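Position one of the sequence shown corresponds to residue 10 (this note's numbering), numbered consecutively onward.
In what follows, a structure is listed as structure tokens, so that the remarks can point back to it.
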Amino acid sequence: MEHRFCIIGGGTSGHINPALAIASILKDGYEKKGDTCRFIFAGRKSGLEGELIPAAGYDFIDIDAKPFPSRPSVKLVKAQAALIRGKKQCIGILNTFKPECMICTGGYVSAPMILAAKNLGIPFMVHEANAFPGRANRYLSRGAALIMTGFPDQEKTFSGAKKVVYTGNPVRKIMFGNTYEGSRAKLGIPEGQKFVFAMGGSLGSATITGFILSCARKPEFKDVKFVLSCGKHNSVHITDEDRNLPNLEIKEYITDTNLYLCGSDVAILRAGAVTCAELTATGACAIMAPYPHAAHDHQTYNARSIAEKGGGVLVTDAECESGKILETLTELLSDDDRRLKLRENALKLAIKDTDERIFDAVTGALKRQD
Numbered sequence: 010m011e012h013r014f015c016i017i018g019g020g021t022s023g024h025i026n027p028a029l030a031i032a033s034i035l036k037d038g039y040e041k042k043g044d045t046c047r048f049i050f051a052g053r054k055s056g057l058e059g060e061l062i063p064a065a066g067y068d069f070i071d072i073d074a075k076p077f078p079s080r081p082s083v084k085l086v087k088a089q090a091a092l093i094r095g096k097k098q099c100i101g102i103l104n105t106f107k108p109e110c111m112i113c114t115g116g117y118v119s120a121p122m123i124l125a126a127k128n129l130g131i132p133f134m135v136h137e138a139n140a141f142p143g144r145a146n147r148y149l150s151r152g153a154a155l156i157m158t159g160f161p162d163q164e165k166t167f168s169g170a171k172k173v174v175y176t177g178n179p180v181r182k183i184m185f186g187n188t189y190e191g192s193r194a195k196l197g198i199p200e201g202q203k204f205v206f207a208m209g210g211s212l213g214s215a216t217i218t219g220f221i222l223s224c225a226r227k228p229e230f231k232d233v234k235f236v237l238s239c240g241k242h243n244s245v246h247i248t249d250e251d252r253n254l255p256n257l258e259i260k261e262y263i264t265d266t267n268l269y270l271c272g273s274d275v276a277i278l279r280a281g282a283v284t285c286a287e288l289t290a291t292g293a294c295a296i297m298a299p300y301p302h303a304a305h306d307h308q309t310y311n312a313r314s315i316a317e318k319g320g321g322v323l324v325t326d327a328e329c330e331s332g333k334i335l336e337t338l339t340e341l342l343s344d345d346d347r348r349l350k351l352r353e354n355a356l357k358l359a360i361k362d363t364d365e366r367i368f369d370a371v372t373g374a375l376k377r378q379d
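Spelled out as structure tokens, the structure:
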């Protein structure tokens, strides 16, 4: 039997990666039952989804959509016009493809597709990765057959949905099962050496980069190894002097982040939904400095959800930029017991069966539609 799904989500990797992960989860789950899946993705060709989704091998259709400004303006008129055009396009896509349901992972581009699904009576489901839901997911979720959440306790937020399930955020399998000692051995970190890993996301963080560069130059940290993932579009000028510091290793992008998160004594990170899921999966001892300009400051909500349960330390971007987190870093590096407790608490927050939860939630919601 063939199952058909239309998936939409775009604008940032925080919306796109969960969309791709859900497609993979459904494909693998149905194949185990002897069934097949066919997917079609929609979004903005000019957006990041227009690059990542076709690269992953999926059919992709460009639709019209623009973000809605928070205040009345000419942009609001243009956004409304785009929404009308986009909804018409999406109705055509759904009528042609005839999916069992439509799955949305967020972003303004999802609005016309959700409205089209509602218009046609096609069940729609939403995956909300963040602790503070985005506008599109929050406002358009009423009547959803299913809401899947990356963080717990969001039932009241989505009270208009038929079912809300805490699934967690999907992460790569390699994030689980690592050990501190084993990870350090693979990275070649000598026993007893303190190791700090810093990562500002795929695009990098000027604040975190600047802080790490200053730390690596301090005499009190001369025996600490620093590894900085500066991002492909790092906005901080890194000099040859920086690159030649004996205790600092600078990388543009790191794929085996599981080893660095698990093997570091302290990890300094942003607090995107996937980053938070990875730090709990690896049991990292993390200082989280949320990106302050993220929509609705959702990274702070993500970080707070972990910090309130003792799974990490929350600091502000301003504290990172001013160097005030230097005291936090110094205290953690000198307190073995506290680092161990943070690791243990982080691991307790990890959701190891996210794939199974998502597959069971989607298939269960579809059965309820029959």
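Where is the CB? At the ideal position from N, CA and C, for every residue including glycine.
Predicted, not measured: the structure shown is a model, and the values here were computed from it.
Round the Cβ separation of residue i and residue j to the nearest angstrom and send it over; I've been treating them as touching at under 8 Å.
i	j	result
residue 18	residue 27	7 Å
residue 245	residue 219	6 Å
residue 258	residue 275	Not a contact, Cβ separation roughly 15 Å.
residue 272	residue 198	6 Å
residue 337	residue 296	6 Å
If distances are taken between C-alpha atoms only, which option among the options comes closest to residue i?
i	options	result
residue 15	62, 42, 44, 21	62
residue 267	291, 256, 58	291
residue 203	233, 156, 347	233
residue 294	20, 123, 323	323
residue 316	354, 336, 137, 337	354
residue 47	263, 93, 107	107
residue 52	261, 21, 299, 306	21
residue 364	157, 152, 58, 86	157
residue 11	91, 24, 31, 42	42
residue 228	297, 114, 255, 247	255
residue 166	122, 57, 140	140
residue 249	208, 362, 222	222
residue 372	360, 44, 358	44
residue 49	326, 287, 122, 93	122
residue 321	328, 313, 136	313
residue 349	188, 146, 24	188
What's the gap between the Cα of residue i and the Cα of residue j?
i	j	result
residue 33	residue 161	23 Å
residue 74	residue 217	33 Å
residue 155	residue 172	5 Å
residue 87	residue 138	28 Å
residue 72	residue 269	39 Å
residue 101	residue 95	10 Å
residue 210	residue 278	8 Å
residue 361	residue 192	19 Å
residue 118	residue 76	8 Å
residue 351	residue 184	17 Å
residue 378	residue 128	16 Å
residue 115	residue 200	44 Å
residue 110	residue 132	5 Å
residue 24	residue 342	34 Å
residue 177	residue 135	13 Å
residue 196	residue 261	17 Å
residue 302	residue 309	10 Å
Run through DSSP, which three-state label would residue i get?
i	result
residue 62	helix
residue 71	strand
residue 276	strand
residue 257	strand
residue 246	coil
residue 77	coil
residue 86	helix
residue 135	strand
residue 118	coil
residue 180	coil
residue 322	strand
residue 300	coil
residue 27	helix
residue 40	helix
residue 198	coil
residue 128	helix
residue 352	helix
residue 262	coil
residue 221	helix
residue 251	helix
residue 290	helix
By DSSP's criteria, residue i is part of a beta bridge. Which residues make up the other side?
i	result
residue 175	158
residue 295	276
residue 17	51, 113
residue 207	237, 277
residue 368	Looking at the DSSP assignment, residue 368 forms no beta bridge with any residue, so it has no partner.
residue 45	11
residue 57	Bridge partners of residue 57: none, in fact.
At the 8 Å Cβ level, is residue i part of the contact set with chain D, yes or no?
i	result
residue 220	Any reference to chain D falls outside this structure, which holds one protein chain only.
If you measure from the CB of residue i, is any heavy atom of the ligand ATP nearer than 7 Å?
i	result
residue 295	Judged by which ligands are present, the structure shown has none, so any question about the ligand ATP falls away.
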